[in-house]
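**Q**
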Amino acid sequence: MRLLGLQSSQARQALSIYDDYVNRQKKLPDLRMFAVAINCAMIAEDLAKGREIHQFIEHNFPHLKDNLMLKQQLRYFYIKCSINGTLQTLYV
Numbered sequence: 011m012r013l014l015g016l017q018s019s020q021a022r023q024a025l026s027i028y029d030d031y032v033n034r035q036k037k038l039p040d041l042r043m044f045a046v047a048i049n050c051a052m053i054a055e056d057l058a059k060g061r062e063i064h065q066f067i068e069h070n071f072p073h074l075k076d077n078l079m080l081k082q083q084l085r086y087f088y089i090k091c092s093i094n095g096t097l098q099t100l101y102v
């Protein structure tokens, strides 16, 4: 799921909405929301936020670990942020 044409400032705004939804409203995101949030972190090149989302998924939604769409988004994210070592340990 790629959000074509989204600029860094728009991606940061979307991440702010995600944070409000998850942290302030205490709602649980669905698979699509996770994919969009990871994509926004990639566009904003926000390594810390992407890792935070990834860890949130691993701790709270372990059944999504093998979801192909989510794996693909995480791959794109880590490649874009040039964290190849992390990428290799995640999907070996």
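Heads up, the sequence shown is in our numbering, so the first residue is 11 and it goes up one at a time. All residues carry an ideal CB built from backbone N, CA and C; glycine is no exception. Keep in mind the model is a prediction, meaning the values are calculated, not measured.
Please report how far the alpha carbon of Leu57 lies from the alpha carbon of Gln35, in whole angstroms.
**A** For Leu57 and Gln35, the distance between alpha carbons rounds to 24 Å.
**Q** Candidates Arg42, Ile27 and Leu16: which alpha carbon is nearest Ile67's?
**A** It is Arg42 whose Cα lies nearest to the Cα of Ile67.
**Q** Between the C-alpha atoms of Lys75 and Val46, what's the straight-line distance to the nearest angstrom?
**A** Cα to Cα, Lys75 sits roughly 16 Å from Val46.
**Q** In the DSSP assignment, find the alpha helix (DSSP H) that holds Val32 and state where it starts and stops.
**A** Neither: Val32 is in no alpha helix (DSSP H) and is coded neither H nor E.
**Q** Compare the beta carbon distance of Ala51 and Ser18 with 8 Å and say whether it is the shorter of the two.
**A** Their beta carbons are not under 8 Å apart, which means Ala51 does not touch Ser18 by this criterion.
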